[in-house]
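**Q** Here this note's numbering is used: the first residue of the sequence shown is 874, the next is one more, and so on.
Note that CB positions come from ideal geometry on N, CA and C, so glycine has one too.
Being a predicted model, the structure only gives us computed values, none of them experimental.
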Amino acid sequence: MAGIPSLPVTSVLFACTYNMIRSPMAAALMRHFHGTRVFIDSVGVRQGEEVDPFAVAVMEEMGIDLSKHRCRTFEDLEDTSFDLIVSLSPEAQHRAIEMTRTMACDVEFWNTFDPTLVDGSRDAMLDAYRQVRDGLLTKVKQRFPLSRGPSV
C-alpha cells in the first residue's frame, strides 16, 4: 500500500537449490554488512555435500571466510520465523512460496545464475563465481542499504 512504510527486516533467510554456493555467499555478504542488526540464515531445497571450494575462494578474496559453512535444508531449520525469504533459484522460490502458507513473511526472487554450469579452466570457473558474488553483493547493498545514522 502506498504511503505505509514497510517494517524493518530483522531476519532474512537466503535459499537456493543445494546451499553450497549462492545462498551461503548471499548470507555471508549480508552478515558482513548487517550481521549484528539482522538475523541471517541460509538453506537449500536439497541436501548439499559441502560448501563449494570455488565459492570459498572468491569470498576469501573479499576477506569473508565461508570455509566453515555447513550445508542445510529447509527441514534443518530450527526456527522458521523470518521476515523475508530471498530465493536465489526457481526451485527455492517454489519452496519459499509454500512456506508462506504457514508463516507470515515476504518472499523475494533474486534469480541468480548457477556458476557450476560454466565449463572451462580454473580461471574461467573463478570468473563465473566472481560474477555471482559481485551480483549478490550489488543486490544485498541495494536491498539492505547501510544506514549512516543521523546527520548532525
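Please go through the same chain and pick out, in chain order, the residues whose beta-carbon is closer than 6 Å to the beta-carbon of P988, but skip the five residues on each side of it.
**A** Around P988: A1001, Y1002 and V1005.
**Q** A928 and M898 - do their beta-carbons sit closer together than 8 Å?
**A** Yes. Within cutoff.
**Q** Answer yes if the stretch 915-922 comes into contact with the stretch 970-988, meaning at least three C-beta pairs across the two stretches below 8 Å, and no otherwise.
**A** With the cut-off at 8 Å, the stretch 970-988 and the stretch 915-922 do not touch.
**Q** So, does the stretch 931-942 touch the stretch 964-980, judging by three or more C-beta pairs under 8 Å?
**A** Too few Cβ pairs lie closer than 8 Å, so no.
**Q** Taking all protein chains shown into account, decide if D1007 is buried (16 or more other Cβ within 10 angstroms of its Cβ) or exposed.
**A** Burial call: exposed.
**Q** Looking at F1017: is its Cβ nearer than 8 Å to the Cβ of L961?
**A** The answer is no: Cβ separation not under 8 Å.
**Q** Which whole-angstrom value describes the C-beta separation of C978 and D956, a residue pair presumed to lie in contact below a C-beta threshold of 8 Å?
**A** Confirmed, about 6 Å.
**Q** So, is L1019 buried or exposed, given that buried needs 16 or more other C-beta atoms within 10 angstroms?
**A** Classification of L1019: exposed, given that the 10 Å Cβ count is below 16.
**Q** Between M935, T946, C944 and T975, which lies nearest to S954 when the distance is taken from Cα to Cα?
**A** Among M935, T946, C944 and T975, the Cα nearest to that of S954 is on T975.
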